[in-house]
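Chemist: Encoded as structure tokens, here's the structure I'll be asking about.
There are 2 protein chains.
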Amino acid sequence: MTADVLDQGEADGHNPTRDEPISPDGRPPSGDLIRIPARQGRAVRLLADETITIVNTHGTQVCDFWAFNAADPREYLSMEHMRAYLSRFTPQAGDGLISNRRRPILHFVEDSSPGVHDTCIAACDHHRYLGLGCRDYHDNCTDNLRMALLAIGLRAREIPSPLNLWMNTPVRGDGRIEWLPPVSKPGDRVTFRALTDLVIAMSACPQDLVPINGLAMRPTEAHFELLG
Amino acid sequence: MTADVLDQGEADGHNPTRDEPISPDGRPPSGDLIRIPARQGRAVRLLADETITIVNTHGTQVCDFWAFNAADPREYLSMEHMRAYLSRFTPQAGDGLISNRRRPILHFVEDSSPGVHDTCIAACDHHRYLGLGCRDYHDNCTDNLRMALLAIGLRAREIPSPLNLWMNTPVRGDGRIEWLPPVSKPGDRVTFRALTDLVIAMSACPQDLVPINGLAMRPTEAHFELLG
Chain A
79 MTADVLDQGE
89 ADGHNPTRDE
99 PISPDGRPPS
109 GDLIRIPARQ
119 GRAVRLLADE
129 TITIVNTHGT
139 QVCDFWAFNA
149 ADPREYLSME
159 HMRAYLSRFT
169 PQAGDGLISN
179 RRRPILHFVE
189 DSSPGVHDTC
199 IAACDHHRYL
209 GLGCRDYHDN
219 CTDNLRMALL
229 AIGLRAREIP
239 SPLNLWMNTP
249 VRGDGRIEWL
259 PPVSKPGDRV
269 TFRALTDLVI
279 AMSACPQDLV
289 PINGLAMRPT
299 EAHFELLG
Chain B
79 MTADVLDQGE
89 ADGHNPTRDE
99 PISPDGRPPS
109 GDLIRIPARQ
119 GRAVRLLADE
129 TITIVNTHGT
139 QVCDFWAFNA
149 ADPREYLSME
159 HMRAYLSRFT
169 PQAGDGLISN
179 RRRPILHFVE
189 DSSPGVHDTC
199 IAACDHHRYL
209 GLGCRDYHDN
219 CTDNLRMALL
229 AIGLRAREIP
239 SPLNLWMNTP
249 VRGDGRIEWL
259 PPVSKPGDRV
269 TFRALTDLVI
279 AMSACPQDLV
289 PINGLAMRPT
299 EAHFELLG
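From first to last, the protein sequence lines stand for chains A and B.
Residue 79 is where the first sequence starts when you use my numbering, and the numbers rise one by one after that.
Residue 79 is where the second sequence starts when you use my numbering, and the numbers rise one by one after that.
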């Protein structure tokens with residue numbers, strides 16, 4: 079595939095996430111496939127009982143995923159509470175996705191991929207890329223969360239640890255964490271159903287210095303759709 | 079050991095953490111062994127280059143541990159950033175303890191125990207004990223953090239996921255998390271050296287419905303000391 083086909087976005091220091099919401103209030107037309115451009119983030123309002131499907135369009139892309147209670151964003155999807163609630167490291171189809179108030183706020187309906195997702199690594203951020211040697215601004219998932227929320231009129235009060243869809247960072251028996259390419263394939267999708275009104279944010283992770291978005295280290299777009 | 083010797087505290091709905099700081103400003107006499115009563119929390123100001131040693135007095139007690147930058151508490155010890163920085167699930171002697179700005183804020187100097195600590199489970203809280211069937215107030219580490227900070231005049235802006243010293247909740251190969259008693263022994267201690275001025279909070283975890291504080295499910299006191 080060429081870079082054009084992959085829609086890699088550009089690492090030019092300009093990230094339009096702040097100015098390109100899916101709609102001013104974050105409500106999209108239901109049933110349309112909506113693009114998360116490479117290296118960018120998008121937020122969407124998901125009403126109770128609606129489902130959201132996130133698509134790994136090109137198969138090698140990690141998508142950071144957050145969910146906030148629309149009525150009270152101090153409640154949010156929390157990896158550390160979810161692991162305790164499930165007594166399991168990674169959620170799988172059939173599970174609830176658990177908030178910091180220890181209740182399911184999404185139901186994990188379906189996963190066409192092998193189920194390799196990460197719950198233990200922070201979203202990449204300015205400090206991460208400084209540590210990797212970047213001197214100029216590098217797109218990052220934390221800023222994408224902030225900007226995607228701002229774009230629909232909301233502000234991130236804190237930055238929860240994300241559910242890193244398709245991120246393949248296994249913890250080995252000796253405790254070492256490896257940074258590996260996804261094992262997903264093009265078109266793989268996960269589907270979640272909202273159990274309450276939510277604000278969802280997603281970032282097509284711009285990591286291009288560590289092979290979590292594939293050995294070619296070329297971040298790509300992802301897509302999502304809502305069903306009522 | 080009898081319950082008296084163990085100093086189990088009392089599950090009577092009254093937790094004096096808010097009213098019994100180690101001192102009004104959180105600075106203790108250096109070199110004194112300070113008690114964290116069973117089921118309670120304590121906060122202490124630790125200056126750069128000082129060390130803090132936390133003692134598992136009776137050997138079976140989990141101690142939740144938090145650290146905040148004294149000059150800017152928006153920076154704090156962060157499990158999800160630490161795991162990424164270290165590429166390791168659990169820190170060990172010789173490591174830095176990493177903040178959400180991806181820098182070491184403590185140096186892990188020494189560990190007399192087998193090194194089994196948890197980084198992936200949220201502090202217990204009101205919702206946790208509701209889920210375990212409690213109807214009345216149950217002491218919990220999250221409230222202990224809040225109250226221990228209030229006791230020295232500070233407020234918790236958010237509740238980071240704690241470093242759970244001596245908590246033995248291994249992640250099995252199939253992703254299952256087990257809730258097991260500590261493998262530490264009476265008097266085991268960990269020592270950290272501050273790399274900047276910090277506020278430290280600790281909670282002698284009051285969990286008595288799951289055997290993480292020993293098969294007897296009797297939470298006990300812990301101790302700590304500062305060295306200049």
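Beta carbons are placed, not taken as given, at the ideal position from N, Cα and C, and that holds for glycine.
1) Taking Phe167/B as the query, report the chain A residues whose CB atoms sit under 7 Å from its CB, ordered along the chain.
2) Could you work out which residues of chain A lie near His159/B, taking near to mean beta carbons separated by less than 7 Å?
3) For Arg235/A and chain B, any beta-carbon pair shorter than 9 Å?
4) Considering only C-alpha positions, which residue in the set Asp252/A, Gly174/A, Arg213/A and Val288/A is nearest to Pro351/A?
5) Would Ala145/B pass as a contact of Leu175/B if the rule is Cβ separation under 9 Å?
6) For Pro192/B, which residues from the same chain have a beta carbon less than 8 Å from its beta carbon, with the 5 sequence-adjacent residues on both sides left out?
7) Measure the beta-carbon distance from Ile130/A to Ile278/A and round it to whole angstroms, keeping in mind my assumption that it falls under 8 Å.
8) Between the region 206–225 of chain A and chain B, which residues of the former have a C-beta closer than 7 Å to a C-beta of the latter?
9) I'd like to know if Asp203/B contacts chain A, where contact means its C-beta is closer than 9 Å to some C-beta of that chain.
10) Is there a Cβ from chain A that is less than 9 Å from the Cβ of Ala282/B?
11) Using the Cβ count rule (16 or more neighbours within 10 Å means buried), how would you classify Gly104/B?
12) Within 9 Å (strictly less), CB to CB, does Arg180/A reach chain B?
13) Answer with yes or no whether the minimum CB distance from Leu304/A to chain B is below 9 Å.
14) Cβ closer than 8 Å: which chain A residues qualify as neighbours of Ala171/B?
15) In whole angstroms, give me the CA-to-CA distance for Leu227/B and Val187/A.
16) Going by beta carbon distance, what residues of the same chain come within less than 7 Å of Leu293/A, once the five residues before and after it are set aside?
17) Closest Cβ-Cβ distance between Ser239/B and chain A: below 9 Å?
18) Would you mind sorting Ser177/A into buried or exposed? The rule is 16 or more other CB atoms within 10 Å of its CB.
19) Alpha carbons only, please: which of Tyr207/B, Arg235/B, Asp203/B and Ala171/B is nearest the one belonging to Asp221/B?
20) Would you mind reading off the limits of the beta strand (DSSP E) that contains Asn134/A?
21) Per DSSP, what kind of secondary structure is Leu293/B in: helix, strand or coil?
22) Just to check my reading of the structure: Glu303/B and Ile112/B have Cβ atoms closer than 8 Å, yes? What is that Cβ distance to the nearest angstrom?
23) Whole-angstrom Cβ separation of Asn291/A and Thr197/A, contact assumed at under 8 Å?
24) Tell me whether Pro297/B is buried or exposed, calling it buried when 16 or more other Cβ atoms sit within 10 Å of its Cβ.
25) Determine the contact status of Ser165/A and Leu305/A, defining contact as a CB-CB distance below 9 Å.
26) DSSP on Glu303/A, reduced to helix/strand/coil?
27) Judging by CA-CA distance, which residue of Val133/A, Met225/A, Glu256/A and Arg179/A is the nearest neighbour of Met157/A?
28) Grab me the residues of His159/B's own chain with a C-beta within less than 6 Å of its C-beta, minus the 5 sequence neighbours each way, in chain order.
29) Can you tell me whether Leu184/B is buried or exposed, with buried defined as 16 or more other CB within 10 angstroms of its CB?
30) At the level of alpha carbons, what is the spacing between Pro182/B and Gly251/B?
31) Using 8 Å for Cβ pairs, my map puts Thr247/A next to Ile255/A. What's the rounded Cβ distance?
32) Counting only Cβ-Cβ distances shorter than 8 Å, please list the residues of the region 138–163 of chain B near chain A, keeping chain order.
33) Pull the bridge partners of Thr269/A from the DSSP assignment, please.
34) When DSSP labels each residue in this structure, what does Leu208/B get in the three-state scheme?
35) State the Cα-Cα distance for the pair Phe270/A and Gly265/B, rounded to the nearest angstrom.
Modeler: On the basis of the data shown:
1) Near Phe167/B (Cβ distances below 7 Å), the residues of chain A are Val249, Gly253 and Ile255.
2) Within 7 Å Cβ-Cβ: Ala200.
3) Yes, contact with chain B.
4) Nothing about residue 351/A can be reported from this structure: the residues present for chain A run from 79 to 306 only.
5) For Ala145/B and Leu175/B, yes; Cβs fall inside 9 Å.
6) So the qualifying residues of the chain are Val261 and Ser262.
7) Under the criterion of beta carbons closer than 8 Å, Ile130/A and Ile278/A qualify as touching, at roughly 6 Å.
8) The residues in question are Arg206 and Gly209.
9) Yes, Asp203/B counts as interfacial toward chain A.
10) Taking Cβ atoms only, chain A never reaches closer than 9 Å to Ala282/B, which makes this a no.
11) For Gly104/B, the number of other beta carbons within 10 angstroms of its own is at least 16, and it is reported as buried.
12) Interface with chain B (9 Å Cβ-Cβ cutoff): Arg180/A is included.
13) False, the Cβ-Cβ gap to chain B never drops below 9 Å.
14) Within chain A, no C-beta atom comes less than 8 Å from the C-beta of Ala171/B; the nearest is roughly 14 Å away.
15) In this model, Leu227/B and Val187/A are separated by some 41 Å (Cα to Cα).
16) Take Leu293/A, set aside five residues on each side of it, and the residues of its chain with a beta-carbon closer than 7 Å to its own are Pro259, in chain order.
17) Taking Cβ atoms only, chain A reaches closer than 9 Å to Ser239/B, which makes this a yes.
18) Buried.
19) Ranking Tyr207/B, Arg235/B, Asp203/B and Ala171/B by Cα distance to Asp221/B puts Asp203/B first.
20) Thr129 to Asn134 is the extent of the beta strand (DSSP E) around Asn134/A.
21) Correct three-state label for Leu293/B: coil.
22) Cβ-Cβ separation between Glu303/B and Ile112/B: approximately 6 Å, consistent with a contact (criterion under 8 Å).
23) Contact check for Asn291/A and Thr197/A: beta-carbon distance about 18 Å, past the 8 Å limit, so the pair fails to qualify.
24) By the C-beta density criterion, Pro297/B is buried, having at least 16 other C-beta atoms within 10 angstroms.
25) Between Ser165/A and Leu305/A, the CB-CB gap reaches or exceeds 9 Å.
26) DSSP places Glu303/A in the strand class (E or B) of the three-state scheme.
27) Of the residues Val133/A, Met225/A, Glu256/A and Arg179/A, the one whose Cα lies closest to the Cα of Met157/A is Arg179/A.
28) Contacts found: Ile176, Asn178 and Arg180.
29) Classification for Leu184/B: buried.
30) Going by the C-alpha atoms only, they are around 30 Å apart.
31) That pair is a contact at about 6 Å.
32) Flagged, chain order: Ser156, Met157, Glu158, His159, Arg161, Ala162 and Tyr163.
33) Thr131/A and Glu188/A, per the DSSP bridge assignment.
34) Of the three classes helix, strand and coil, the one that applies to Leu208/B here is helix, per DSSP.
35) Roughly 47 Å separates the two Cα atoms.
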